[in-house]
Amino acid sequence: MTETRPKPKPRPAPESLPYWEAAREHRLTLPRCKSCQNFWFPPSRTCPHCLSADLAFENVSGRGKIYSFVTFHRVYHPAFEAEVPYVVALVELEEGPRLLTNILGVSHEEVHCEMAVEVVFDDVDETTSIPKFRPRL
Amino acid sequence: MNLAAPTPLIHPSRELRDTCAVVGAGTSRLGRVPGVSSLDLLVEAIRNALDDAGLKASDVDGVLCRGPDESYSHHQLVAERLGINASFSTTLTNGGASQIMSVALAVMAIRFGLAKTIVCGFGRDTWSRTHANEEARVRNETRPASLLPREFGPEYGYFGATAAHGLGATRHMHLYGTTRDHFAEIALAFREHALRNPAAQMKKPLTFEDYHAARLIVAPFGMFDCSLRSDAAGAVIVTSADRAKDLKQPPVLIKGFGTHNNTRGWFNNDNMVVTAARQSGEAAYRMAGLGPADVDTAQIYDCFTYMVLTQLEDYGFCKKGEGGPFVASGALRLGGALPCNTSGGQLSESHAEGMLQIVEGVRQMRRTYPAERQVKNAEIALVSGHGGNQVCHSTLILGRA
Chain A
2 MTETRPKPKP RPAPESLPYW EAAREHRLTL PRCKSCQNFW FPPSRTCPHC LSADLAFENV
62 SGRGKIYSFV TFHRVYHPAF EAEVPYVVAL VELEEGPRLL TNILGVSHEE VHCEMAVEVV
122 FDDVDETTSI PKFRPRL
Chain B
874 MNLAAPTPLI HPSRELRDTC AVVGAGTSRL GRVPGVSSLD LLVEAIRNAL DDAGLKASDV
934 DGVLCRGPDE SYSHHQLVAE RLGINASFST TLTNGGASQI MSVALAVMAI RFGLAKTIVC
994 GFGRDTWSRT HANEEARVRN ETRPASLLPR EFGPEYGYFG ATAAHGLGAT RHMHLYGTTR
1054 DHFAEIALAF REHALRNPAA QMKKPLTFED YHAARLIVAP FGMFDCSLRS DAAGAVIVTS
1114 ADRAKDLKQP PVLIKGFGTH NNTRGWFNND NMVVTAARQS GEAAYRMAGL GPADVDTAQI
1174 YDCFTYMVLT QLEDYGFCKK GEGGPFVASG ALRLGGALPC NTSGGQLSES HAEGMLQIVE
1234 GVRQMRRTYP AERQVKNAEI ALVSGHGGNQ VCHSTLILGR A
């Protein structure tokens, strides 16, 4: 590659804006239904458990475990050329919903299903922080 | 995230069983066909299917197809190329489940008098599209940029169907002890079948050593776990079983079909290890009055090796979690207990999102292949379709008249 391309930044849908605004403050939040009390992800304007539109973004524990994961060896985007092999995992939070994320602070050979993880925030610039996860001690 | 209770099984009407037949099947050139649009590939396949059936385009009064993701009313373009007006036509958009759904819709339309003879088909120009230039090759993406995810994926370097299905494979390996050796046997069996098929895109033998020596793409998937990028199209002609009796080919009866979409999401519940093939297959079995033990050959949607393994479980050919040992027994090979993807499948013949599986199911039921390609004494074929956002599924059961 002759030039370094920046990694893609999230381009939030309107219903996801509160999630990303909280992430900027290093808070992991999820939409929660005020009617049935369930959490869900990704954000939407109605609860997929009961279809109520009465919701709020609430802080969550940031703790979870790896439900599944893959390791990228192929470069699909030039910005990730220096990262391969890197892990993309599906983390199941204690509150239930599953989030795609990267796992930091551990080699890809050591990542495994059910591994206990906790959220950390990757400040990519002055406006955007991306929730990622690391092994929980 | 778990959403609500499991979906109950449905009980489709058995009135549609054996009312319609496939009377023609055709494919386009397969593999690398530069300079030809997906529309022209589809028309090429339809022309071959009409020739196969001994019919003219003017005998067709229905067109059901799927177009490229960015298309608009694609069936209208197809019918225009065929030079026909169509009583019943539309474009389906349900990913790799669309192709069997188009056959199912054709049966319903013909049974209730909305059309007499319907062509169902799908064509794609995926090899050309992903090799147009260096950027297209790196992205390896068939959808236009405007349709790709904008958040909760690309910022983590998460791209493409290989990773999405790989998450399911990792989870299955964790729960059931499935291994890459099991995936290898699927790739090897289908490659061996492709070597018997002169039209297949892949021409070289594949060994266990080749499989393990190949570069990893998105682990647990290596190169030979992934289906092909192909320029390819297929088409079938559906008409009533009565009308089929007077036509050129021995009719292949449509005995049953079913569909199911796990639209609660691939990431939710246990959908990545128990696919919608379960409910879709059960619906098809019930319509046909058959079960897995009656199936002589399966043509399974093989976008990735793992998807074959889990669908075999979900269709009841073995128990959940036992797909690994089942494929390791050699069951999928011609001459095995359940010859599967006998033309090479999407892993080795060509990838037209399930359309070529329907064509192969029809050809196996006609029993006109030379002995080395024919499933001996085959009476019943099961065909599967899967795709979209990994959640849609369809099943077709074909039988000899």
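As given, the protein sequences belong to chains A and B, one line each in that order.
In this text, residue positions in the first sequence follow this note's numbering: the first is 2, and each later residue adds one.
In this text, residue positions in the second sequence follow this note's numbering: the first is 874, and each later residue adds one.
Here a beta-carbon is modelled for each residue, glycine too, at the ideal position from N, C-alpha and C.
Item: The stretch 1107 to 1117 of chain B / the stretch 1014 to 1025 of chain B touching (three or more Cβ pairs under 8 Å); Value: no
Item: Closest Cα partner of residue 1159 (chain B) within the set B:1134, B:1188, B:1095 and B:1100; Value: B:1188
Item: Limits of the beta strand (DSSP E) - the one that residue 1033 (chain B) falls within; Value: Per DSSP, residue 1033 (chain B) belongs to no beta strand (DSSP E); it is in the alpha helix (DSSP H), 1033 to 1049.
Item: For residue 53 (chain A), the three-state DSSP class (helix, strand or coil); Value: coil
Item: Backbone CA spacing between residue 1097 (chain B) and residue 979 (chain B) [nearest angstrom]; Value: 35 Å
Item: Residues that residue 876 (chain B) contacts on chain A, provided the C-beta gap is smaller than 7 Å; Value: 49 and 50
Item: Interface residues of chain A facing residue 903 (chain B) [CB-CB closer than 9 Å]; Value: The premise fails here: residue 903 (chain B) is roughly 24 Å from chain A at the closest Cβ pair, so nothing lies under 9 Å.
Item: Length of the line joining the Cα atoms of residue 43 (chain A) and residue 984 (chain B); Value: 42 Å
Item: For residue 1270 (chain B) and residue 1255 (chain B), believed in contact at Cβ under 8 Å, the rounded distance; Value: 6 Å
Item: Within-9 Å CB hit, residue 1023 (chain B) to chain A; Value: yes
Item: Span of the alpha helix (DSSP H), counted from its first residue to its last, around residue 123 (chain A); Value: That residue, residue 123 (chain A), is in no alpha helix (DSSP H); its beta strand (DSSP E) goes 117 to 124.
Item: Neighbour flag for residue 128 (chain A) against chain B, beta carbons, 9 Å; Value: no
Item: Extent of the continuous beta strand (DSSP E) run through residue 103 (chain A); Value: 99 to 103
Item: Coarse secondary structure for residue 1234 (chain B), derived from DSSP in three states; Value: helix
Item: Proximity to residue 926 (chain B) [Cα-Cα], best of B:1274, B:898, B:940 and B:1219; Value: B:898
Item: Coil, strand or helix - residue 1173 (chain B) by DSSP; Value: coil
Item: Residue 883 (chain B) and residue 1152 (chain B) closer than 9 Å at C-beta; Value: yes
Item: Closest by C-alpha distance to residue 1311 (chain B), when choosing among B:950, B:886, B:1200 and B:1182; Value: Outside the modelled stretch of chain B, which goes from 874 to 1274, sits residue 1311 (chain B), for which no answer is possible.
Item: Closer than 9 Å to chain B by CB, residue 97 (chain A); Value: yes
Item: Beta-carbon proximity check, residue 1023 (chain B) vs residue 12 (chain A), cutoff 9 Å; Value: yes
Item: 3-residue-minimum beta strand (DSSP E) runs that sit fully inside the stretch 955 to 981 of chain B, ordered along the chain; Value: 961 to 964
Item: Through-space distance from residue 918 (chain B) to residue 902 (chain B), alpha-carbon basis; Value: 8 Å
Item: Inter-residue spacing [alpha-carbon to alpha-carbon] between residue 91 (chain A) and residue 53 (chain A); Value: 26 Å
Item: Within-9 Å CB hit, residue 991 (chain B) to chain A; Value: no
Item: Alpha-carbon spacing of residue 1133 (chain B) relative to residue 1143 (chain B), whole angstroms; Value: 15 Å
Item: 8 Å contact criterion, which residue 99 (chain A) and residue 60 (chain A) should meet: CB distance rounded; Value: Between residue 60 (chain A) and residue 99 (chain A) the Cβ distance is about 18 Å, and since that is not below 8 Å, they are no contact.
Item: Pair within 9 Å by beta-carbon distance, residue 1066 (chain B) and residue 890 (chain B); Value: no
Item: Local Cβ density within 10 Å of residue 1224 (chain B), reported as buried at 16 or more and exposed below that; Value: buried
Item: Below-9 Å beta-carbon distance, residue 1026 (chain B) vs any chain A residue; Value: yes
Item: DSSP-derived helix/strand/coil call for residue 93 (chain A); Value: strand
Item: Minimum Cβ-Cβ distance from residue 86 (chain A) to chain B less than 9 Å; Value: yes
Item: Rounded straight-line distance, which links the Cα of residue 79 (chain A) to that of residue 2 (chain A); Value: Confidence at residue 2 (chain A) is low in this model, with a pLDDT of 43, below 50, so the placement of that residue should be treated as unreliable; the coordinate-derived value is given next. Cα-Cα distance, rounded: 7 Å.
Item: Contacting residues, own chain, Cβ-Cβ under 8 Å from residue 1091 (chain B) (five flanking each side not counted); Value: 1033, 1035, 1036 and 1039
Item: First and last residue of the uninterrupted beta strand (DSSP E) at residue 1270 (chain B); Value: 1265 to 1273
Item: Interface flag, residue 3 (chain A) vs chain B, CB-CB below 9 Å; Value: Here the model assigns residue 3 (chain A) a pLDDT of 45, short of 50, so the residue's position is not dependable and the matter cannot be decided.
Item: Any alpha helix (DSSP H) of 4 or more consecutive residues that is wholly inside the stretch 1176 to 1247 of chain B; Value: 1178 to 1187, 1196 to 1201, 1218 to 1221 and 1228 to 1239
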